[in-house]
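Engineer: Have a look at the structure that comes next, please.
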Amino acid sequence: MSIRTPNDHARTEHAEQPEHAEQPEHAEQPEHAGYTGHASRAGELLRELRETNPLVQCLTNTVVTNFTANVLLAVGASPAMVDIPGEAGVFAGIASGVLVNLGTPHAEQRAAMLEAARAAHEARTPWVLDPVAVGALTVRTALAHQLLEFRPTIIRGNASEIIALAGTGAGGRGVDATDEAESALPAARELARRHGSVVAVSGPVDVTTDGDTVVRTRNGHHHLTLVTGGGCALGAVMAGFASLETGMTGATHLTTTVAAVLAYTVAAEQAAEQATGPGSFSPAFLDRLHDLDPAVLDERARADSSAGEVRA
């Protein structure tokens, strides 16, 4: 996107962690190590998404529109870029899921975003808020706080954006994160509890929380940060997966959000195995997302979950 350049807040390649890292006193402890809990249904949910072909409305920024639509098609959803006043609200009432991405919020689109968020809230359509560069730029920061009144189902962003949106920090360098995902966990939990949302924080380890349970996922590749829209399109995928919460699976929005992150980042890992750089990575990523085997997704997923209050 125009302002989510190389450091688009998609996660980067996971750095190796110490084998026996010391745990601070009162730190939350993982329920299970490895692939468990909310992550264990990723393959099942990917299969259901492809069967239901959810209609995802995207009010997103001008630079990533094409890539976002292609990502949705590849994963098995149907994109609809309906983002003008007079149409956005009507469409949000019938869509399976809605993405509101603040990357390039011109005046007409700002009005459409408020219209869509209100309609989605009233129709109980799951919707995702991606607060691009909130805290660093004033117009979108004010818009983001207006949108929070309509209780987004999911909020996704980098650590600096989440900290700024929660009111506990000033934000990063535009869309570039200056904080690690783990440092944003208290802010993410506060946002989740205050607005009844699932909050997903992108970073070397992606952190997702509903305010109580925390899921950390460790898949992905740094090439996602070198493709414009590599992070923005994930918000659209989350909106598609969020529609499954009311489906036969009975999954929670925390579970569907984690499944979206895992499908997206496992496909990125597979694409990176055959790509020689960001130019070849982008089409390979679409191919791998399209061909992703649910069983392979389950096999490659790396996640752990924990519950309980984090104390300083």
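UniProt numbering applies: residue 1 is where the sequence shown begins, and numbers increase by one. Beta carbons are placed, not taken as given, at the ideal position from N, Cα and C, and that holds for glycine.
1) From the DSSP output, which residues share a beta bridge with isoleucine 163?
2) Provide the residue(s) that pair with aspartate 130 in DSSP beta bridges, ordered along the chain.
3) Kindly indicate which residue of Gly135, Ala142 and Leu147 has the alpha-carbon position closest to the one of residue 319.
4) Measure the alpha-carbon distance for glutamate 273 versus glycine 86 and round it to whole angstroms.
5) To the nearest angstrom, how far is it from the Cα of threonine 125 to the Cα of valine 296?
6) By Cβ distance, which residues of its chain are closer than 6 Å to threonine 5, with the 5 residues on each side in sequence left out?
7) Report the three-state DSSP secondary structure of proline 79 (helix, strand or coil).
8) Using 8 Å as the Cβ pair cut-off and three pairs as the minimum, do the region 86-105 and the region 232-245 touch?
9) Spatial neighbours of glutamate 161 within its chain, please: CB distance less than 6 Å, with the 5 preceding and 5 following residues excluded, ordered by chain position.
10) Would you please state the rounded distance, in angstroms, between the beta carbons of alanine 268 and glycine 231? I believe it to be under 8 Å.
11) Could you give the C-beta distance for glycine 196 and arginine 151, rounded to a whole number, given that I count them as a contact under 8 Å?
12) Could you tell me how far apart the beta carbons of alanine 69 and histidine 290 are, in whole angstroms, since I believe they sit closer than 8 Å?
13) Mapping DSSP to helix, strand and coil, what is leucine 147?
14) Whose C-beta lies closer than 7 Å to the C-beta of leucine 45 among residues of the same chain, with five residues either side of it excluded?
15) Quick check on glycine 235: buried or exposed, where buried means 16 or more other Cβ atoms within 10 Å of its Cβ?
16) What did DSSP end up calling valine 227 once you bin it into helix, strand or coil?
17) I think valine 266 touches leucine 292, with their Cβ atoms under 8 Å apart; what is that distance to the nearest whole Å?
18) When burial is assigned at 16 or more other CB atoms within 10 Å of the CB, is valine 56 buried or exposed?
19) Rounded to whole angstroms, what's the CA-CA distance from threonine 153 to alanine 200? Just pull it up for me.
20) Just to confirm, are alanine 263 and alanine 42 a CB contact at a threshold of 9 Å?
21) Determine which residues share a DSSP beta bridge with alanine 303 and list them.
22) At the level of alpha carbons, what is the spacing between glutamate 48 and leucine 129?
23) Going by DSSP, what residue range makes up the alpha helix (DSSP H) through threonine 257?
24) DSSP three-state call for serine 2: helix, strand or coil?
25) By how many angstroms is the C-alpha of glutamate 190 removed from the C-alpha of histidine 253?
26) Roughly how many angstroms separate the alpha carbons of alanine 136 and alanine 187, rounded to a whole number?
27) Please state whether DSSP places threonine 168 in a helix, a strand or coil.
28) What's the gap between the Cα of threonine 276 and the Cα of arginine 194?
29) Would you tell me roughly how many angstroms separate the C-alpha atoms of alanine 284 and alanine 271, rounded to the nearest one?
Structural biologist: The short version:
1) Here the question's residue 163 lines up with position 163 in the sequence shown. Answer is none; isoleucine 163 lacks a bridge partner.
2) The residue given as residue 130 occupies position 130 in the sequence shown. Asn101.
3) In the structure as shown, the chain starts at 1 and stops at 312, and residue 319 therefore has no counterpart that could be examined.
4) On the sequence shown, residue 273 is found 273 positions in, with the first residue counted as 1. On the sequence shown, residue 86 is found 86 positions in, with the first residue counted as 1. Each residue's Cα considered, the two are about 45 Å apart.
5) Here residue 125 refers to the residue found at position 125 of the sequence shown. Here residue 296 refers to the residue found at position 296 of the sequence shown. The straight-line gap from Cα to Cα measures roughly 30 Å.
6) Here residue 5 is taken as the residue at index 5 of the sequence shown, counted from 1. Low confidence applies here, because threonine 5 scores a pLDDT of 34, under 50, leaving its location unreliable; read the following figure in that light. Within the same chain, no residue comes within 6 Å of threonine 5 by CB-CB distance, once the 5 residues on both sides are set aside.
7) Position 79 of the sequence shown, counted from the start, is the residue given in the question as residue 79. In the structure shown, proline 79 sits in a strand (DSSP, three-state: E or B).
8) yes
9) The residue given as residue 161 occupies position 161 in the sequence shown. Excluding residues within five positions, the ones whose Cβ falls inside 6 Å are Pro131 and Val134.
10) Here residue 268 corresponds to residue number 268 of the sequence shown, with the count starting at 1. Here residue 231 corresponds to residue number 231 of the sequence shown, with the count starting at 1. Not quite, the Cβ-Cβ distance comes to about 11 Å (not below 8 Å), so this is no contact.
11) Taking the sequence shown and counting its residues from 1, the one referred to as residue 196 is at position 196. Taking the sequence shown and counting its residues from 1, the one referred to as residue 151 is at position 151. Contact holds; Cβ gap of about 5 Å.
12) Along the sequence shown, read from residue 1 onward, the residue named residue 69 stands at position 69. Along the sequence shown, read from residue 1 onward, the residue named residue 290 stands at position 290. Rounded, the Cβ-Cβ distance is 14 Å, inconsistent with contact.
13) Stepping through the sequence shown from its first residue, residue 147 is reached at position 147. Here DSSP, grouped into helix, strand and coil, assigns leucine 147 to helix.
14) One-based indexing of the sequence shown puts residue 45 at position 45. Closer than 7 Å at the Cβ level, and outside the excluded window around leucine 45, lie Phe241, Leu244, Thr249, Ala251, Thr256 and Ala259.
15) Position 235 of the sequence shown holds residue 235. Counting C-beta atoms within 10 angstroms of its own C-beta, glycine 235 has 16 or more neighbours from the protein chains shown and is therefore classed as buried.
16) Here residue 227 is taken as the residue at index 227 of the sequence shown, counted from 1. In the structure shown, valine 227 sits in coil (DSSP, three-state: anything other than H, G, I, E or B).
17) To locate residue 266, count along the sequence shown from 1; it is residue 266. To locate residue 292, count along the sequence shown from 1; it is residue 292. Indeed, because the Cβ distance is near 7 Å, the residues count as touching under 8 Å.
18) Here residue 56 refers to the residue found at position 56 when the sequence shown is read from its first residue. Classification for valine 56: buried.
19) For the purposes of this step, residue 153 is taken as the residue at position 153 of the sequence shown. For the purposes of this step, residue 200 is taken as the residue at position 200 of the sequence shown. Rounded to the nearest angstrom, the two C-alpha atoms are 11 Å apart.
20) For the purposes of this step, residue 263 is taken as residue 263 along the sequence shown, with counting starting at 1. For the purposes of this step, residue 42 is taken as residue 42 along the sequence shown, with counting starting at 1. Result yes, Cβ atoms of alanine 263 and alanine 42 sit closer than 9 Å.
21) Locating residue 303 in the sequence shown gives position 303, where the first residue counts as 1. DSSP, once it has assigned bridges, lists Thr217 as partnering alanine 303.
22) Taking the sequence shown and counting its residues from 1, the one referred to as residue 48 is at position 48. Taking the sequence shown and counting its residues from 1, the one referred to as residue 129 is at position 129. So the two alpha carbons sit approximately 23 Å from each other.
23) Taking the sequence shown and counting its residues from 1, one reaches residue 257 at position 257. Looking at the DSSP string, the run of the alpha helix (DSSP H) that includes threonine 257 is 253-274.
24) As a working mapping, residue 2 is identified with position 2 in the sequence shown. Note that serine 2 scores a pLDDT of 36, beneath 50, so its modelled location is shaky and nothing firm can be said.
25) Translated into positions along the sequence shown, residue 253 becomes position 253. Translated into positions along the sequence shown, residue 190 becomes position 190. Those two C-alpha atoms are separated by around 17 Å.
26) Counting from one through the sequence shown, the residue named residue 136 turns up at place 136. Counting from one through the sequence shown, the residue named residue 187 turns up at place 187. Going from the Cα of alanine 136 to the Cα of alanine 187 covers about 17 Å.
27) What you label residue 168 is simply residue 168 of the sequence shown in a count that begins at 1. Looking at threonine 168 - three-state DSSP - the assignment turns out to be coil, as it is neither helix nor strand.
28) Taking the first residue of the sequence shown as position 1, residue 276 is located at position 276. Taking the first residue of the sequence shown as position 1, residue 194 is located at position 194. Distance between the alpha carbons of threonine 276 and arginine 194 is about 44 Å.
29) Your numbering for residue 284 matches position 284 in the sequence shown. Your numbering for residue 271 matches position 271 in the sequence shown. Taking the straight line joining both Cα atoms gives about 5 Å.
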